[in-house]
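Each remark here refers to the structure printed beneath this line.
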Amino acid sequence: MSVEAQTAAYQAKTARSRALHEEAVRVMPGGNSRTTTFFDPYPFYLVRGDGARMWDADGVERLDFNGNYTSLILGHAPAPVIRAVQEAAAAGLSFPGPTEREIRLAEALTRRIPSLETVRFTNS
121 MSVEAQTAAY
131 QAKTARSRAL
141 HEEAVRVMPG
151 GNSRTTTFFD
161 PYPFYLVRGD
171 GARMWDADGV
181 ERLDFNGNYT
191 SLILGHAPAP
201 VIRAVQEAAA
211 AGLSFPGPTE
221 REIRLAEALT
231 RRIPSLETVR
241 FTNS
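Residues 121 to 244 in this note's numbering are what the sequence shown spells out, letter by letter.
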């Protein structure tokens with residue numbers, strides 16, 4: 121199948137993603153917040169994920185071979201992670217001072233990474 125035929129087939133099954141991309145380019149340079157998520161003629165817009173699978177705005181199921189550039193080692197929406205996030209969110213997400221959870225996370229990181237002596241958490 122030629123590149124042109126593949127592009128036409130992609131466009132035929134991703135009309136909602138195309139519409140979302142047209143909206144996105146009006147408010148974000150290039151239509152995205154990360155240049156790594158763009159490809160021609162426009163990216164498919166994702167709405168949910170489960171394990172190694174994800175679904176786009178057009179309902180197309182896709183295998184995620186990327187894992188959000190390896191940050192999703194446990195896959196999309198693993199139940200234990202969802203439970204932990206819900207528990208943390210119920211207690212409050214952001215405070216104007218230190219928390220015990222910061223200490224526990226820093227301890228876990230310094231235990232697991234021998235060369236890491238101390239940790240500074242930042243917002244980037």
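All C-beta atoms, glycine included, are put in the ideal place defined by N, C-alpha and C. Note that the coordinates shown come from a computational prediction; the quantities given were computed from them, not determined experimentally.
query: If we ignore side chains and look at the alpha-carbon of each, how far apart do A226 and R154 end up?; result: 28 Å
query: Quick test of the definition: if touching needs 3 or more C-beta pairs under 8 Å, does the region 127–135 touch the region 164–179?; result: yes
query: Quick one, are the C-beta atoms of H196 and G217 less than 8 Å apart?; result: no
query: Thinking C-beta only, is G150 closer than 8 Å to F158?; result: yes
query: For N152 and P161, I'd like the C-alpha separation in whole angstroms.; result: 13 Å
query: Any idea what DSSP makes of G187, helix, strand or coil?; result: helix
query: Apart from the five residues just before and just after F164, which ones in its own chain have a Cβ nearer than 6 Å to its Cβ?; result: T134, S137, D176
query: With distances taken between CB atoms, is the gap from A199 to D184 smaller than 8 Å?; result: no
query: Suppose only complete runs of 3+ residues qualify. What are the beta strand (DSSP E) ranges in the region 157–213, listed by chain order?; result: 166–170, 173–176, 181–183
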